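Start counting the sequence shown at 2; every next residue gets the next number (our numbering).
C-beta atoms are modelled at their ideal positions from N, C-alpha and C, and glycine is treated no differently.
These numbers were taken from a predicted model, which means no experiment stands behind them.
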Amino acid sequence: MKSLHYFTGLLLFAVICSCSGSKNTVSGPKNMGALDSLVQQKEFRIVNNWGNPMVTNAMMNLSDLLGPQNNIQRINLMGNPSYLDIKGDSVKAYLPYFGERQMGGGYNMDGEAIQFDQEAADMKMEYIKAKERYRIRFKANKNSESFNVILEIYANRKTNLMINSTQRNPIRYEGIIAPLPEE
């Protein structure tokens, strides 16, 4: 009977030790320093892998048209051009748009993507220490359409890019941050 109690106690101790959480950080100080310098220099590219449009009833009706690895809430952008470049106060973007346009558009020769190439208006950058992420906000426009852009950059180099437009429903993109490509 003593050996049964001993074995049960040993087993319980092993289970408790194996269930303890580990304190692995997503990025070390070295990686965070590289990210800090990349963001502080304001010379980087956001490459988006996923698009997350706002789901509406009209979009639900189109859900059967999407290909594999896609659903109406999450669209795979890998292998397609989808980027936001920030160089100083200049911003350049080509972001495929999957969503509902509320007004405007017409016969758009540039396609239906969100595109702009200009100096950003009202650019604000802040570091949120409690959540270990950067938040960059700015405004951009193209023709009669205005965009409010919020970019969040996390310590593991993943990003969330949220676009609110005057003519379209909101959309969010998930991606990664990288240095600007050589021209």
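Between which two residues does the beta strand (DSSP E) holding residue i run?
| i | result |
| --- | --- |
| residue 179 | 172–180 |
| residue 146 | 146–155 |
| residue 160 | 159–166 |
By DSSP's criteria, residue i is part of a beta bridge. Which residues make up the other side?
| i | result |
| --- | --- |
| residue 54 | 172 |
| residue 118 | 93 |
| residue 140 | 122 and 149 |
| residue 88 | 44 and 91 |
| residue 101 | Bridge partners of residue 101: none, in fact. |
| residue 127 | 136 |
Closest by CA to residue i, which one among the options?
| i | options | result |
| --- | --- | --- |
| residue 82 | 49, 113 and 67 | 49 |
| residue 177 | 152, 62, 132 and 100 | 152 |
| residue 95 | 138, 60 and 148 | 148 |
| residue 70 | 51, 171 and 91 | 51 |
| residue 74 | 181, 173 and 179 | 173 |
| residue 183 | 45, 103, 154 and 125 | 45 |
| residue 1 | 11, 116 and 53 | With the chain covering 2 to 184 only, the question about residue 1 has no answer from this structure. |
| residue 103 | 91, 117, 55 and 128 | 55 |
| residue 91 | 132, 131, 122 and 67 | 122 |
| residue 86 | 35, 129, 63 and 139 | 139 |
| residue 145 | 7, 167 and 171 | 167 |
| residue 180 | 117, 162 and 41 | 41 |
Since I believe residue j is in contact with residue i (beta carbons under 8 Å), could you give me their beta-carbon distance rounded to a whole number of angstroms?
| i | j | result |
| --- | --- | --- |
| residue 141 | residue 150 | 6 Å |
| residue 84 | residue 169 | At roughly 19 Å, the Cβ-Cβ gap does not stay under 8 Å, so residue 84 and residue 169 are not in contact. |
| residue 160 | residue 76 | Wrong, their Cβ atoms sit about 16 Å apart, outside the cutoff. |
| residue 80 | residue 43 | Their Cβ separation, rounded to whole angstroms, is 28 Å, which puts residue 80 and residue 43 out of contact at 8 Å. |
| residue 135 | residue 124 | Actually they do not touch by this definition, with Cβ atoms about 12 Å apart. |
| residue 164 | residue 115 | 6 Å |
Tell me whether residue i counts as near the ligand NAD, meaning its Cβ is closer than 7 Å to at least one heavy atom of that ligand.
| i | result |
| --- | --- |
| residue 8 | Inclusion of the ligand NAD in the displayed structure is not the case, the ligand content being empty and no account of it being possible. |
Inside the region 58–85 only - alpha helix (DSSP H) runs reaching at least 4 residues: 58–62
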